[in-house]
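Here's the structure, in structure tokens; my notes come after.
There are 4 protein chains.
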Amino acid sequence: MVGGGGNAMIGPIHLRAALMENDIELVCGCFSRNYETSLATGRAWHVQRIYRDYREMMEREAALPADERMDFVAIVTPNKVHYEQAALALDKGFDVVLDKPMTFSLDEALRLRDKVNQTGRTFALTHTYSAYPAVKEMKARIQAGELGRLRLVDVEYTQGWLSQRIELQGGNNAGWRTDPALSGKGGCVGDIGTHAWHLSEYITGERVTELCAELSTFVEGRPIDDDAVALLHFTNGLHGVLHATQVATGEENRIAIRVSGEKGTFEWQQMEPNTLIIRWGDRPAEIIRTGNGYMSGLAKWNTRTPGGHPEGYIEAFANIYRNFVATVRAKAAGRTPTPEELDFPNVIDGLRGLQFIETMVKAGYDRDKKWVKWVEE
Amino acid sequence: MVGGGGNAMIGPIHLRAALMENDIELVCGCFSRNYETSLATGRAWHVQRIYRDYREMMEREAALPADERMDFVAIVTPNKVHYEQAALALDKGFDVVLDKPMTFSLDEALRLRDKVNQTGRTFALTHTYSAYPAVKEMKARIQAGELGRLRLVDVEYTQGWLSQRIELQGGNNAGWRTDPALSGKGGCVGDIGTHAWHLSEYITGERVTELCAELSTFVEGRPIDDDAVALLHFTNGLHGVLHATQVATGEENRIAIRVSGEKGTFEWQQMEPNTLIIRWGDRPAEIIRTGNGYMSGLAKWNTRTPGGHPEGYIEAFANIYRNFVATVRAKAAGRTPTPEELDFPNVIDGLRGLQFIETMVKAGYDRDKKWVKWVEE
Amino acid sequence: MVGGGGNAMIGPIHLRAALMENDIELVCGCFSRNYETSLATGRAWHVQRIYRDYREMMEREAALPADERMDFVAIVTPNKVHYEQAALALDKGFDVVLDKPMTFSLDEALRLRDKVNQTGRTFALTHTYSAYPAVKEMKARIQAGELGRLRLVDVEYTQGWLSQRIELQGGNNAGWRTDPALSGKGGCVGDIGTHAWHLSEYITGERVTELCAELSTFVEGRPIDDDAVALLHFTNGLHGVLHATQVATGEENRIAIRVSGEKGTFEWQQMEPNTLIIRWGDRPAEIIRTGNGYMSGLAKWNTRTPGGHPEGYIEAFANIYRNFVATVRAKAAGRTPTPEELDFPNVIDGLRGLQFIETMVKAGYDRDKKWVKWVEE
Amino acid sequence: MVGGGGNAMIGPIHLRAALMENDIELVCGCFSRNYETSLATGRAWHVQRIYRDYREMMEREAALPADERMDFVAIVTPNKVHYEQAALALDKGFDVVLDKPMTFSLDEALRLRDKVNQTGRTFALTHTYSAYPAVKEMKARIQAGELGRLRLVDVEYTQGWLSQRIELQGGNNAGWRTDPALSGKGGCVGDIGTHAWHLSEYITGERVTELCAELSTFVEGRPIDDDAVALLHFTNGLHGVLHATQVATGEENRIAIRVSGEKGTFEWQQMEPNTLIIRWGDRPAEIIRTGNGYMSGLAKWNTRTPGGHPEGYIEAFANIYRNFVATVRAKAAGRTPTPEELDFPNVIDGLRGLQFIETMVKAGYDRDKKWVKWVEE
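Those sequence lines, one after another, are chains G, W, A and X.
FYI, the numbering for the first sequence is 0 to 376, going by numbering that gives the first Met the number 0.
FYI, the numbering for the second sequence is 0 to 376, going by numbering that gives the first Met the number 0.
FYI, the numbering for the third sequence is 0 to 376, going by numbering that gives the first Met the number 0.
FYI, the numbering for the fourth sequence is 0 to 376, going by numbering that gives the first Met the number 0.
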């Protein structure tokens, strides 16, 4: 693992998610730019090989015998350094799990896409929210035509933790996220807007083609957006509304999506992730609950507990790791991975994420132009 | 009452709402253009004086002695005929309760505003959703500064009943609502979008100054919008997102609003109207329930039952009638009505409703212009 | 109306419920033992004939010509005086709507049952909670066999308003309810336990045959139960658990019931009365919502608004009045009332309510005897 | 690990829970009485040392050098064999994590308690539901006096999976649970009733002293209870109602508890485990959400994700393992474990669980005796 040390929130999540199937072992790491922090984290996690620097790690791991060296690397650093770390890992022959947004800039994203294609390595991006079983269920049922032709998708990612300028206080994860030099062009739109956008494309199977947006900064003095809203046009006539905000005071982590088609409407909310509502035009709505026998194969494949035993965020995260590892193993065995194994966000999702940020920034600060085409490069 | 006969949904609602305080009596009516229907309705409702025609009704009622004639008239017809009926009633000296949208066109709305001002009659418009006690509570607390400076309002009015082209089947209320010749320029935006917009202004106390919108028709062959979405700019820096739709299959009548300020966020949903959530940045969210002692005076004034005894749509409707009558009585007694008595939608709300439709139509079909200023005339 | 004046909670509820169909007019009353209060209430409600005393009222109304005198009387006094008032009204030829519990003692209940039978008058008891459309839906579906053989009913009526000894403060409705001299043997068990019991019999169609109970008083100094819990055995092998309490601090008016049979389980809660959940053994649970086309005829008959327009407590109350009046009119027309018209709580429900209190009191203070047979007389 | 192989539900849960902190490694196992099944499970989980028999495992592991042998054993077999397996492990010097109910009989439970005391080993019982952070929060706040003197606890554990006689079909986990020869005297009361009972004592800090109960079998032909209901008397005047059932068709795994005291009421439901409601007598109810800064130290200690990132059943399970291991490490280091470290169900909880079953069986089939004292031996 690169990053994740000290008081980082996401490092321990990655670790727990990776461990869940007893199929992955944490063998080495460079958990912080501060070596003392890195050592302390490594000791707490019982890791033998702790490196001062990610370059050193890649070099020395690559030099180890095949049965000793790490098989893949999880990169959980701020996105400013994603590209160089991921590219080096791929060059050194390691498969990669990377936090989102994939890179700092669209240019880096394009280059990373090429790098993945050239090296043929397996690459996963942790758009965790698309890995919940209830989300898989929506995708499977929409693919099977249950909703008929799709019409509307309303997606939101609502937080309140940046409703004051807490980045000035230090000691929290707000600093780099609100600093354009570290997070890139997008603040809220990159940090959480990308999750909302990804969810909408993942579930519906459609792609945004143009959008009309506004990026706003509500907290005085903040040099980057803390609120992003967009009207979306997708392929095949689907329309969407997306609202991502970090200034809705008191909101925790509300990711909610509704998708309507001719025949019905799905409704899901991440904070109660095991419940999915489907509304019908001509009969009572149904409460679909994960872990039950009536679920689709795709949802069951991504479920660990029987009905009524709630699964949460770490289990969703673990689904990405499990499918990533299954794909790695399939390739290693010379076998084509199944669609279920390949069902994790990849470098194309990552590239489209950067294109989404680019398009939103282009549209979001323009007072005149209404509809902006999806930016490809 | 003018209109409301036969299988109309809203006539009996008006009647029940009006009767609730035992302070209003239904004395005469012209319930349908079909006299037989009108007579049948009148008999069912124990009404003595049933007229063939609203003009006849206004004339003859006006000719009765003061203690016999009707005191005010409720007009519950399609908005095509609102102006002529309301204007005549005002001219004949009657106070008026009118269904929304107020008129067929903005021009009529301006003229009706002038007519109300000239005659000095009391005029109420039934934007029912703003009359729920929990909505009053939000208004009262925002006025008192509980949320601090406002930032965001997300409002939706989501229905699914027009997700098929049921207007072709007849026998339902879809016909005139989807016919521009009868409903005016706006379909969904006029029928339910105006409610969502009104709620946002009523609660926040701010006014929309410009908007960016899209009107869409999802059901093939329908000659008017069935979906309306807008980004809103209000006075004092408040931003909003509004989505009104009639094609979200399976949705009943979901009117939901969230308002965020620096200090907290309100959340309310019309289908569970007695519960209001307030989220805080630094402590647990609270569940505010109507009928309890901690409610504001404004909410209590509009509440009939103790906590835990749910009130519904008819009670909200009845609040408009009660406050309207209180105002009429105050004026009759030569007294200035209190703010609580005057707290019902009036002709200015109605005028702004038509301006909202006008602005939405102007913005909603324009592919180029992003922000459209609020249309005043 | 007898009673209901001053700050009584239930008088205005009765009035609004009665008025809702524009089919009932309040023509006379004796609203309080205090004549000044009675006069004030009568003036506020526009009532012409206000009497000093219920006896005077019965006498004088009975002496009026048939087309002038009241048709029926609503008695909304404490249950201490129910019997004498209701019996006199019946004797004088008036139909009666009476608040629950029906009488002060089981003996009075038996006598009132006989009186109703002798006079042939129409008699309704306001067990309001059984009049919600969703409750009707459960009854209709169970009768149709949707749940298969019934097994379990869990019913609760949970309040917190008596969790302190507020009856000592005066000025509220707690005084007579906690005074055995005024309320009878049962406190909580009579005031709200009877509602819970009635709901369980109404919905399931089964009758309690024996029970095991405990009555408790949690608030020091209170001379009557404020908490009642019972295990219930019904006809046909149905088992139940009933918990009625007034000391669950902070609870408003939570009446909740679940009924399980071989095939499914119903779940309903009074504070969100328009939603009914039905769970199935082999497929997703369904959300049944009042006002929709798929509802049973019985539920539709008791519904006033379309789906998504919430109905509440007053509308449920109004269903009792409407069905009562429909029955009165049918009888007056020499027609046998339909089952839908007769669907309101009657004198047998009232008698069984007193038997329930009697049985609960007998069982609830007995430390030794476990199962107590339903007390018939 | 002993047990957990093949299609067992609980084995993989134990494993994932144990792995979550990267502090436990699965080094050996005897996963099934069928050696082939055991080998297959072991291979899937990357386990080196797989034994044919738990006796062989204990013997041979004990003979290994201290730094090679297992440190503790998780026993996840049916309760019929718990005693002999756990006793042997303790005798061989291993700490033990054991599934509930602790043993087959009360006699075994008493002996196991003595064994734990004699050997001084650390022993944990997986009453998982008491390990959720929201449950810890209730315990911490009640200990701090937030509710005042406690009055009522209503607890339920409701399932529907045994509403048909699926144990005859084979291939599921119903077989041994409904066979008294394998599960002991209690069916539903032992399998899930014990969880409900444990939760009530854990949260309130009070102990049941006597109870009045009924055990029932609703599914024809089943030789053991599938429904258990009890009225409970606790120390310090607390009263309770407990309902555990496996025949509420369509219910998944509803564990719900409410606790009322003089000042407020807690409400929690396991299927949405991150939300806790607290109701107050004099102000709005609060929504307490895990992961937020206002939570108690005890809850935070048992939380892994920030607010809005849901934790589930596996994380609760993992809290038991983590606290168990922390206690083991503290003892190994010669340090007294902290109260937080010792906060997992122990052999006394296990013994009381068997006493609960014994008392419920004694009371539950007795038609005459109402209150049965808690059975100590």
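The beta carbon of each residue, even a glycine, is placed where N, CA and C say it ideally should be.
query, result
"Can you pull the chain G neighbours of V246 of chain W, defined as C-beta to C-beta under 9 Å?", "R150, L151, S259 and E261"
"When you compare the CB positions of G352 of chain G and T127 of chain G, do they come within less than 7 Å of one another, or not?", "no"
"Below 8 Å on C-beta distance, what does R140 of chain A contact in chain G?", "Near R140 of chain A there are no residues of chain G at all, since even the closest Cβ is about 12 Å away, more than 8 Å."
"Starting from H194 of chain X, follow its DSSP beta bridges and name the residues at the other end.", "Answer by DSSP bridge pairing: none, since H194 of chain X is not bridged."
"Return the CA-CA distance between R112 of chain G and N345 of chain X, expressed in angstroms with no decimal places.", "53 Å"
"Use the C-beta contact count for D224 of chain W: other C-beta atoms within 10 angstroms, 16 or more gives buried, fewer gives exposed.", "buried"
"Shortest alpha-carbon distance to K184 of chain W belongs to which of W:K79, W:L97 and W:N252?", "W:K79"
"Taking the alpha carbon of D281 of chain W as the point to measure from, which residue in W:D94, W:Q245, W:G263 and W:F355 has its own alpha carbon closest?", "W:G263"
"Mind checking whether A88 of chain A and V72 of chain A have CB atoms under 7 Å apart?", "yes"
"Do K99 of chain W and the ligand GDP come close, with the Cβ less than 6 Å from some heavy atom?", "By its list of ligands, the structure shown contains no ligand whatsoever, and the ligand GDP lies outside what it can speak to."
"By Cβ distance, which residues of its chain are closer than 8 Å to V371 of chain W, with the 5 residues on each side in sequence left out?", "E209, L210, C211, A212, T358, K361, A362 and D365"
"For Q47 of chain G, does the count of other Cβ atoms within 10 angstroms reach 16, so buried, or fall short, so exposed?", "exposed"
"Please confirm if G28 of chain X has its CB atom under 7 Å from at least one CB of chain G.", "no"
"For T289 of chain G, which residues in the same chain have their Cβ closer than 6 Å to its Cβ, ignoring the five residues on either side in sequence?", "P132, A133, N273 and T302"
"Can you tell me the Cα-Cα spacing of I254 of chain G and I313 of chain G, whole angstroms?", "16 Å"
"To the nearest angstrom, report how far apart W373 of chain X and S104 of chain X are at their CA atoms.", "16 Å"
"Do you know whose CA, among A:E376, A:N21 and A:A17, lies nearest P11 of chain W's CA?", "A:N21"
"Do you know offhand how far G311 of chain G's Cα is from M270 of chain G's?", "9 Å"
"In chain A, what lies closer than 9 Å to Y377 of chain G by C-beta?", "In the structure as shown, chain G begins at 0 and stops at 376. Residue 377 of chain G is therefore absent and cannot be evaluated."
"Return yes when the Cβ of G147 of chain W is within less than 7 Å of the Cβ of G260 of chain W, no when it is not.", "yes"
"Do we get a CB-CB distance below 7 Å when we pair S199 of chain G with the residues of chain W?", "no"
"Less than 8 Å between C-beta atoms, sequence neighbours within five positions excluded: which residues of the same chain meet that for I23 of chain W?", "A17, Y320 and V324"
"Which same chain residues end up closer than 7 Å to A229 of chain G when comparing Cβ atoms and leaving out the 5 residues on each side of it in sequence?", "L210, C211, A212, L241 and M359"
"Quick one: give me the first and last residue of the alpha helix (DSSP H) that Q268 of chain G is part of.", "Looking at the DSSP string, Q268 of chain G is not in any alpha helix (DSSP H); the run it does join, the beta strand (DSSP E), is G263 to Q268."
"First and last residue of the alpha helix (DSSP H) that includes S37 of chain X?", "Y34 to A43"
"Answer yes or no: does any C-beta atom of chain A fall closer than 7 Å to that of I286 of chain G?", "yes"
"If you follow the beta strand (DSSP E) that W300 of chain X is in, where does it begin and where does it stop?", "Unbroken run through W300 of chain X is the alpha helix (DSSP H), G296 to W300; no beta strand (DSSP E)."
"Using a C-beta cutoff of 7 Å, does G174 of chain A count as contacting chain X?", "no"
"Is S162 of chain W near V246 of chain W, with beta carbons less than 7 Å apart?", "yes"
"Name, in chain order, the residues that DSSP records as bridge partners for C187 of chain X.", "BP columns for C187 of chain X are empty, so no partner."
"Ignore the nearest five residues each way along the sequence and tell me which others in G186 of chain W's own chain have a CB closer than 7 Å to its CB.", "R176, T177, I223, D224 and D225"
"What is the DSSP secondary structure of W373 of chain X, reduced to helix, strand or coil?", "coil"
"Please classify M69 of chain W as buried or exposed, where buried requires at least 16 neighbouring CB atoms within 10 angstroms.", "buried"
"Let me know if M8 of chain A comes out buried or exposed under the rule of 16 or more other beta-carbons within 10 Å of its beta-carbon.", "exposed"
"Around the C-beta of R140 of chain W, are 16 or more other C-beta atoms found within 10 angstroms, so that it is buried, or is it exposed?", "buried"
"Let me check one thing: in DSSP terms, what residues is R278 of chain W bridge-paired to?", "W:T264"
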